[in-house]
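There are 2 protein chains.
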Amino acid sequence: MKRIQSKFVTIKDIAEKAGVSPNTVSRALNSRPDISQSTKSRILKIAQEMGYVRNAYATILKSNVTNTIGVIMSDSSNPFFSEVFKGIDKAAQEKDYQIIIMNSEGVYENEERFIKTLLERRVDGILLFPMQESYEDIRELVKEHFPIVLVGREIDEWNVDEIFSDEVKGGYMATKYLLEKGCKKVKMITDQLYNSASLGRLEGYRKALQEKGVPFCEENVKLCHHIHEGYHVQAGYDKVIEMLQGKEEFDGIFCYNDLIAYGVIKALKENGFRIPEDVSVVGYDDITFSRLIEPQLTTIKVKKFEMGYEAFQMLYKRITAKKSSNSSTRKVLDVELIVRNS
Amino acid sequence: MKRIQSKFVTIKDIAEKAGVSPNTVSRALNSRPDISQSTKSRILKIAQEMGYVRNAYATILKSNVTNTIGVIMSDSSNPFFSEVFKGIDKAAQEKDYQIIIMNSEGVYENEERFIKTLLERRVDGILLFPMQESYEDIRELVKEHFPIVLVGREIDEWNVDEIFSDEVKGGYMATKYLLEKGCKKVKMITDQLYNSASLGRLEGYRKALQEKGVPFCEENVKLCHHIHEGYHVQAGYDKVIEMLQGKEEFDGIFCYNDLIAYGVIKALKENGFRIPEDVSVVGYDDITFSRLIEPQLTTIKVKKFEMGYEAFQMLYKRITAKKSSNSSTRKVLDVELIVRNS
DNA sequence: ATTTGTTCCGTTAACGTTAACGGTAATAAA
DNA sequence: TTTATTACCGTTAACGTTAACGGAACAAAT
């Protein structure tokens, strides 16, 4: 890399120095036919010496292929998302695709803005982790058959590719486990109730209760309203304190995710509860740290890496499909109960 | 967004429909002077209807400003890095800069490749977290005064902007704490010894020993060779098992980072050691989870967010500097001992 | 009436790269 | 010798956008 007054060397500069046409230089750099071996190596040498670096913008503008996808998630530092992202990254690298990742922080306006930026950058497709109540921003994309795959959430109404976990089964298994362990009063701590993950897990919760003949009580479902990204732990902690202050009774808690469970466990321990003797706790996701905390967290294992890996595969299929089909693919990933000590 | 046979609408298409020149459309879209209000709104309406999305590649090629920086780290899912990244992201958003992030996984070849890609994408500057033994790949960048800031590591030899923690102080405080707590045999578990972080912390370790009159023993420093990203916990765990099998005696362990400490604590607990009664453990970084594990981890707090935030500021200064100066900035961040229960 | 200025829009060229086409010289085939 | 073939390279134009310049039309000032 060399620059003259912070301007990069162009193909034209090389051509001039080598005494050939710009196109010949292009031929040499892209190892195309129609060029002699001698001039080719001579040009490559000069290019090397001059510190030539291809201008991706010119190339892409000309060729119209970016080999880039966009990924929009709410918080890539969240262990769940970062694990899924690894799957995406792996799959993308295998197909030699670039990734532009953006963190919406769960804010709809950011999501809108990011989508616009990604389209301006002519990404071939988008992987979106829906986190909002509204999906207006992607309505047109779907309508126009722009390659897009929704990850981790299910949107019934639309005809769009999706990959997500069997949330009902997860909620069911978690709750059933608590009930069969002897818990009589099982609370559920969840966040927003407008997405398929929360709703599915809640449905599983109800299903398990019903199966065991336990009446469902609205008050046992605790909603954490709009958890600011990075504050799930705090939200779980606060909810327990709130419940204790309200003198509510419980001997089992099913948490929307592991991070909330961490906060729950912290609050319980600080208030003298033994886990699992006094209160049993079940999390969701099975992120790395869940086997490191004390007690080790019983949780629902989600196939995070697979979710990311498969999501890219689905998107790739869309991108490389000859014609845009009207039918969409929905992939459901199985979940698993991991019994530990909580 | 609308496309005709997966081709986007161009400014020319709009011009044709509106019966004006392409340049007039450009004027309307970029709200420049030299255009009447009536035609402007008319064009904007048509553009809206046709679903126009600006082609960033054409704009950038013409204007030559990308407002983009590249960030290369080894593993953005590592809590330490993701925290630093948040600082970068915040600062970048404030200046309306885009970020291209790449995970090298600590592999030199990846780093080389990524730098090339970033240059092709004409980033205005690069934030690099050096993880390798060799720095050859950035030598030319530095020589050519390409805006670059090294984050988290110190490279003495070169004249390059750097921001890093006071590693010697961190290692010193951690070790001193263990010694003053009464530990007689303090081990240190670290990783590669060729970067400034490891070396600095080791120097601090030695300094504290010396100050307390404890002889330094080479065997007390345990090296984890080439920890694969994401396996720090396992590495710490393995080292303790190894030490126990070797019948080594110790009552204090200073870990290179919190993740290693987690593994150390897990191994100790599994083998019946009480923490901190039998063995005291001190980590490094103070990532979020360190106050959630049992026992809560005593550690050295590093200003992660600030590191990222400041790193961008330094890079921004370089980018916007009128002329490339030969002098470089080195910023050292203070560290802090957080005493908890380990 | 002439000059000056202003408003608004079109024309041209350029950013860096590359595909399509054409042309020249040398070589092989007739 | 003539023709066809091949190897190699240059010319031109285009990708989508925008800066620089120019010019027409009209209003205001002299």
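Residue numbers (our numbering), protein chains in the order written: chain A, 1 to 342; chain B, 1 to 342. Where a beta carbon is used, it is the ideal one built from N, C-alpha and C, also for glycine.
| Check | Outcome |
| --- | --- |
| In chain B, which residues lie less than 8 Å from Asn-103(A) when you measure between Cβ atoms? | Asp-89 |
| Ile-69(B) and Phe-305(B) - do their beta-carbons sit closer together than 9 Å? | no |
| Which residue or residues does DSSP assign as beta-bridge partners of Cys-255(B)? | Ile-189(B) |
| For Val-25(B), would you say it is in contact with chain A, using Cβ-to-Cβ distances shorter than 9 Å as the test? | no |
| Just list the alpha helix (DSSP H) runs in the region 158-190 of chain B, keeping only unbroken ones of 4 residues or longer that don't cross its boundaries, in chain order. | 167-180 |
| Can you find a CB in chain B that lies within less than 9 Å of the CB of Arg-54(A)? | yes |
| In terms of alpha-carbon separation, which member of Val-264(B), Lys-86(B), Glu-154(B) lies closest to Met-102(A)? | Lys-86(B) |
| Within the same chain, show all residues whose beta-carbon is closer than 8 Å to that of Ile-155(B), passing over the 5 residues directly before and after it, in chain order. | Pro-130, Tyr-135, Glu-162, Ser-196 |
| According to the neighbour-count rule (16 or more other Cβ atoms, all chains shown, within 10 Å of its Cβ), is Val-335(A) buried or exposed? | buried |
| Note down, in chain order, every chain A residue with its Cβ under 9 Å from the Cβ of Phe-146(B). | Met-1, Arg-3, Ser-6 |
| In the structure shown, what three-state DSSP assignment does Val-151(A) receive? | strand |
| Less than 8 Å between the CB atoms is what I'm expecting for Val-279(B) and Cys-255(B), so what's the real figure, rounded? | Contact doesn't hold; Cβ gap of about 12 Å is too wide. |
| Beta-carbon separation of Cys-217(B) and Lys-239(B) under 9 Å? | no |
| Which ranges does the alpha helix (DSSP H) cover as unbroken runs of at least 4 residues, wholly within the region 65-123 of chain B, from first to last along the chain? | 79-94, 108-120 |
| Which word fits Tyr-205(A), buried or exposed, when buried means at least 16 other C-beta atoms lie within 10 angstroms of its C-beta? | buried |
| 9 Å is my cut-off, CB to CB: does Gly-106(A) come that close to chain B? | no |
| Taking Gly-200(A) as part of the beta strand (DSSP E), name the residues at either end of that continuous run. | Where Gly-200(A) is concerned, there is no enclosing beta strand (DSSP E), although the alpha helix (DSSP H) it sits in stretches over 196-211. |
| What does Lys-86(B) reach in chain A if we use C-beta pairs closer than 8 Å? | Ser-77 |
| DSSP state of Tyr-284(B), grouped into three classes? | strand |
| In chain order, what residues of the same chain have a beta carbon less than 6 Å from the beta carbon of Lys-17(B), not counting five sequence neighbours either side? | Ile-46 |
| Going along the chain, which unbroken runs of the beta strand (DSSP E) with 3 or more residues stay wholly within the region 6-56 of chain A? | none |
| Alpha carbon to alpha carbon, what distance is there between Gly-263(B) and Gly-182(A)? | 33 Å |
| Alpha carbons only, please: which of Leu-193(B), Gly-51(B), Glu-277(B), Met-188(B) is nearest the one belonging to Ala-347(B)? | Nothing in the structure corresponds to residue 347(B), since chain B is present only between 1 and 342. |
| Closest to Leu-297(B) by C-alpha separation, out of Lys-303(B), Arg-330(B), Lys-269(B), Ile-338(B), would be which residue? | Ile-338(B) |
| Using alpha carbons as the reference points, say which of Asp-191(B), Val-142(B), Glu-167(B), Asn-55(B) lies closest to Glu-157(B). | Val-142(B) |
| Quick one, are the C-beta atoms of Ile-148(A) and Leu-127(A) less than 9 Å apart? | yes |
| Between Tyr-57(A) and Arg-121(B), is the Cβ-Cβ spacing less than 9 Å? | yes |
| Are any of the Cβ atoms in chain B nearer than 9 Å to that of Ala-58(A)? | yes |
| What residues of chain A sit near Lys-266(B), judged by a beta carbon separation below 8 Å? | Leu-292 |
| Since Phe-80(B) contacts Ile-287(B) with CB under 8 Å, what's their CB separation in whole angstroms? | 6 Å |
| What residues from chain A crowd round Leu-297(B), counting only those whose CB sits closer than 8 Å? | Chain A residues near Leu-297(B): none, gap ~10 Å exceeds 8 Å. |
| Taking Cβ-Cβ distances below 7 Å as the criterion, which residues of the region 250-264 of chain A are in contact with chain B? | Tyr-262 |
| So Leu-61(A) contacts chain B; which residues on that side make the cut at Cβ distance below 7 Å? | Tyr-57, Ala-58, Leu-61 |
| Using a C-beta cutoff of 9 Å, does Lys-181(B) count as contacting chain A? | no |
| Report the partner residues of Lys-247(B) according to the DSSP bridge assignment. | The partner list for Lys-247(B) (beta bridge, DSSP) is empty, contrary to what the question assumes. |
| Could you check the C-alpha separation between Lys-331(A) and Phe-164(A) for me, to the nearest Å? | 6 Å |
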